[in-house]
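Counted the way numbering that gives the first Met the number 0 counts, the sequence shown spans residues 0 to 428. All residues carry an ideal CB built from backbone N, CA and C; glycine is no exception. The next block holds one structure in the form of structure tokens; read it before the comments.
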Amino acid sequence: MTGDLLIENLAEVATAEGISPRRGSEQGRVRRTRHSEGIEVLCREGRIAFVGPAAERRASFGDLSDLPRLDGKRGTLIPGFVDPHTHIPWAGTRETELFERLAGKTYQAIAAEGGGILSTVAATRRASEDEITGNVLRHLDWMLAGGTTTIEAKSGYGLNLADEMKQLVALQRAAAEHPVRVLPTLLAAHEVPPEHRADAGGRARYVDLICDEIVPAVAARGLARFCDVFCEAGVFSPEESRRVLEAGIRHGLAPRLHADEFADSGGAELAAELGALSADHLMAVSERGIEALAGSGVTAVLLPGTSFFLKKERYAPARRMIEAGIPVALATDCNPGSSYTESMPMIVTLAVFALGLSVEESLTAATLNAACCLGVGDEVGTIEIGKRADLALLDAPNLLHLAYHYGVNPIAAVVREGRLVYRSGGRIV
Ligand code: NIG
Ligand code: FE
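Structure representation (structure tokens):
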């Protein structure tokens, strides 16, 4: 379902340009179109047909009086955010862990005691497909309200064939009835499940199960586009991760991975070697890892919400990666343990204040570069003629307010393929 829409009275349209990832000094190259008379954006059959001053639009297209209109109210239009790393098909919450962490316990210590990922695995295994579908819809609503129009979403709380499938089917069902576009990832290698921990051969058998049964079954049903692994000291080694990702590649699932989140585990090097679409987290990436990523074509997906929420002093070395010419993208990592937020505006704030990115670099990271590392950079991620009209209207006079006015939701409206799909609620009395 695509639409026609004329968005009028905009103070600014801010967008990166092109269909390939921006790196180095290009990462901050954003076009900001302004005109005293106001800017208009015309969407036709779901795609961008015009961007420019109102007078120019009238000269080229006439008065278009029969078209639905959206008053931009002198706000700023940006591409809908693309969130390339989320874990939203889960059940149960872990707010008690937050209090343990605030009292000084580490995320890893909580996991070692049976909390962490495995407690969400237990809750997700108990939950029905309907319940998980309902949960996904709630997260998608929050995402849409924050201006997100495309996401990646991972399984990884099932850790057996039936429950990984249940998560992916729930994602598919929720996506079918929601405006946010969902690109699914199989993350069966998120942890070693409890039933494979009893004896020394258990983890090897679980890796075999993933490669020989889970990957082929998920791929055959078309339930995932990508395959991911938590490559980390104490979770999956680079060798185990390579096996899983190669099985994915054999079955048409493009590789991406959780790399060097807490310790330098060789994940960045593995991502470069396999030509992965992205290496994600990279809080603890080494200089060797950065050198391997540079020039490899792999996008670094940075998740500053995770450093923030886990109260880490360390954030990924974003400036060093941009200097090295690695395209940088941003994501929420939305999950119940290490980063419970759906808000890309919050992530942009953290990118500016904690990663040291400019607002322009952050916009590119949260739109075009994110789209490219999901393989959809030719369709979305910028506001250019021919691209899909996936757009977020900021209640802000210019792009800089995206970081400047912090801690509020700046999103006034969201358009998906030319249809108005969200408008912020206002005062009712
Ligand atoms: O990306 N690192 C692994 N997975 C998630 C956390 C998942 C959880 O704690 O439930 C992450 O941070
Ligand atoms: Fe993650």
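Under the three-state reduction of DSSP, which class applies to Ile433: helix, strand or coil?
Outside the modelled stretch of the chain, which goes from 0 to 428, sits residue 433, for which no answer is possible.
Between the alpha carbons of Thr1 and Glu55, how many angstroms are there, rounded?
Counting from one through the sequence shown, the residue named residue 1 turns up at place 2. Counting from one through the sequence shown, the residue named residue 55 turns up at place 56. Roughly 25 Å between the two C-alpha positions.
Quick one: give me the first and last residue of the beta strand (DSSP E) that Ser423 is part of.
Numbered from 1 along the sequence shown, position 424 holds the residue referred to as residue 423. Neither: Ser423 is in no beta strand (DSSP E) and is coded neither H nor E.
Between the C-alpha atoms of Arg318 and Glu212, what's the straight-line distance to the nearest angstrom?
Working through the sequence shown from its first residue, we reach residue 318 at position 319. Working through the sequence shown from its first residue, we reach residue 212 at position 213. Whole-angstrom Cα-Cα distance: 41 Å.
Using only alpha-carbon positions, find the residue among Arg313, Met320, Gly304 that is nearest to Gly294.
Reading the sequence shown from its first residue, position 295 is the one you call residue 294. Out of Arg313, Met320, Gly304, Met320 has the C-alpha closest to the C-alpha of Gly294.
Mapping the DSSP letters down to three states, classify Asn8 as helix, strand or coil.
By one-based count along the sequence shown, residue 8 stands at place 9. In the structure shown, Asn8 sits in a strand (DSSP, three-state: E or B).
Between which two residues does the beta strand (DSSP E) holding Arg255 run?
The residue you call residue 255 lines up with position 256 of the sequence shown. Counting along the chain, the beta strand (DSSP E) containing Arg255 begins and ends at 253-258.
Can Gly113 and Tyr106 be called in contact, C-beta distance under 9 Å?
By one-based count along the sequence shown, residue 113 stands at place 114. By one-based count along the sequence shown, residue 106 stands at place 107. Taking 9 Å as the Cβ cut-off, Gly113 and Tyr106 do not qualify as a contacting pair.
Does Phe98 pass the burial test, meaning 16 or more other C-beta atoms within 10 Å, or should it be called exposed?
In the sequence shown, the residue the question calls residue 98 occupies position 99. Per the 10 Å Cβ criterion, exposed.
Bridge partners of Lys153, per DSSP?
In the sequence shown, the residue the question calls residue 153 occupies position 154. Answer by DSSP bridge pairing, in chain order: Thr184.
Considering only C-alpha positions, which residue in the set Glu36, Ser338, Ala110, Thr148 is nearest to Phe80?
On the sequence shown, position 81 is the one that residue 80 refers to. Nearest option by C-alpha distance: Thr148.
In chain order, what are the residue ranges of uninterrupted alpha helix (DSSP H) at least 4 long that sit wholly in the segment 201-241?
201-208, 214-219
On the three-pair Cβ rule with 8 Å, is the segment 122-135 touching the segment 364-372?
no
Can you tell me whether DSSP reads Asp129 as helix, strand or coil?
In the sequence shown, counting from the first residue as 1, residue 129 sits at position 130. In this structure, Asp129 counts as helix in the three-state DSSP scheme.
Under 9 Å between the Cβ atoms of Gly37 and Ala58?
For this step, residue 37 is matched to residue 38 along the sequence shown. For this step, residue 58 is matched to residue 59 along the sequence shown. Cβ distance not < 9 Å, so Gly37 and Ala58 don't count as in contact.
Can you look up Pro78 in the DSSP assignment and give me helix, strand or coil?
Residue 78 sits at position 79 when you count from the first residue of the sequence shown. Three-state DSSP puts Pro78 in a strand.
In terms of residues, what are the limits of the alpha helix (DSSP H) holding Pro344?
On the sequence shown, residue 344 is found 345 positions in, with the first residue counted as 1. That run of the alpha helix (DSSP H) goes 343-349.
Using 8 Å as the threshold, is the segment 244-262 in touch with the segment 272-280, meaning 3 or more CB pairs across them?
yes
Could you tell me the alpha carbon to alpha carbon distance between Arg415 and Ala199, rounded to whole angstroms?
Taking the first residue of the sequence shown as 1, we reach residue 415 at position 416. Taking the first residue of the sequence shown as 1, we reach residue 199 at position 200. Each residue's alpha carbon lies about 50 Å from the other.
Scan the segment 6-86 and note each continuous alpha helix (DSSP H) run of 4 residues or more that stays entirely inside, going in chain order.
53-60
Less than 8 Å separating the Cβ of Ala125 from some heavy atom of ligand 1?
For this step, residue 125 is matched to residue 126 along the sequence shown. The question names Ala, but residue 125 is Arg in the sequence shown. Using a cutoff of 8 Å, the CB of Arg125 does not count as near ligand 1, since none of the ligand's heavy atoms is closer than that.
Return the first residue and the last residue of the beta strand (DSSP E) that Ala412 is part of.
As a working note, residue 412 is residue 413 in the sequence shown. Note, Ala412: beta strand (DSSP E), 410-415.
I want to know whether the segment 154-172 touches the segment 218-228 - three or more CB-CB distances under 8 Å.
Using a Cβ-Cβ distance cut-off of 8 Å, the segment 154-172 and the segment 218-228 are in contact, since at least three pairs of beta carbons, one from each stretch, lie closer than that value.
Are there 16 or more other CB atoms within 10 angstroms of the CB of Asp65, so buried, or fewer, so exposed?
In the sequence shown, residue 65 corresponds to position 66, counting from 1. The residue in question, Asp65, is exposed, as its Cβ has fewer than 16 Cβ neighbours within 10 Å.
Taking the beta carbon of Leu362 as the centre, do at least 16 other beta carbons fall within 10 Å, making it buried, or is it exposed?
Along the sequence shown, one-based indexing puts residue 362 at 363. With 16 or more Cβ atoms within 10 Å of its Cβ, Leu362 is classed as buried.
How many whole angstroms separate the CB atoms of Arg28 and Arg21, which I take to be in contact at a CB cut-off of 8 Å?
Indexing the sequence shown from 1 puts residue 28 at position 29. Indexing the sequence shown from 1 puts residue 21 at position 22. Between Arg21 and Arg28 the Cβ distance is about 6 Å, and since that is below 8 Å, they are a contact.
How many angstroms separate the CA atom of Gly283 from the CA atom of Trp89?
Locating residue 283 in the sequence shown gives position 284, counting from the first residue. Locating residue 89 in the sequence shown gives position 90, counting from the first residue. Inspection of the sequence shows that residue 283 is occupied by Ala rather than by Gly. About 27 Å.
Hey, quick one: how far does the beta strand (DSSP E) through Thr298 stretch, first residue to last?
For the purposes of this step, residue 298 is identified with residue 299 of the sequence shown, where counting begins at 1. Here the beta strand (DSSP E) through Thr298 covers 298-301.
Going by beta-carbon coordinates alone, are Leu136 and Ile150 separated by less than 9 Å?
Walking along the sequence shown from the start, residue 136 turns up at place 137. Walking along the sequence shown from the start, residue 150 turns up at place 151. Their beta carbons are not under 9 Å apart, which means Leu136 does not touch Ile150 by this criterion.
Taking 8 Å as the cut-off, is the C-beta of Ile311 nearer than that to any heavy atom in ligand 2?
Within the sequence shown, the letter at position 312 stands for residue 311. Per the sequence presented here, residue 311 reads as Lys, with Ile not at that position. Result no, Cβ not under 8 Å from ligand 2.
Looking only at C-alpha atoms, which of Leu302, Ala395, Pro335 sits nearest to Ala328?
The residue you call residue 328 lines up with position 329 of the sequence shown. Checking every option, the nearest Cα to that of Ala328 belongs to Leu302.
Just checking Glu231 against ligand 1 - is the residue's beta carbon closer than 8 Å to any of the ligand's heavy atoms?
By 1-based counting over the sequence shown, the position of residue 231 is 232. Checking the Cβ of Glu231 against ligand 1 gives yes.
Classify Ser118: buried if its beta carbon has 16 or more other beta carbons within 10 angstroms, exposed otherwise.
Within the sequence shown, numbered from 1, the residue matching residue 118 stands at position 119. Burial call: buried.
What first and last residue would you give for the beta strand (DSSP E) that runs through Ala328?
Start at 1 with the first residue of the sequence shown, and residue 328 comes out as number 329. Here the beta strand (DSSP E) through Ala328 covers 327-329.
In whole angstroms, give me the CA-to-CA distance for Ile384 and Gly304.
Within the sequence shown, residue 384 is the residue found at index 385, counting from 1. Within the sequence shown, residue 304 is the residue found at index 305, counting from 1. When rounded, the distance between both Cα atoms is 33 Å.
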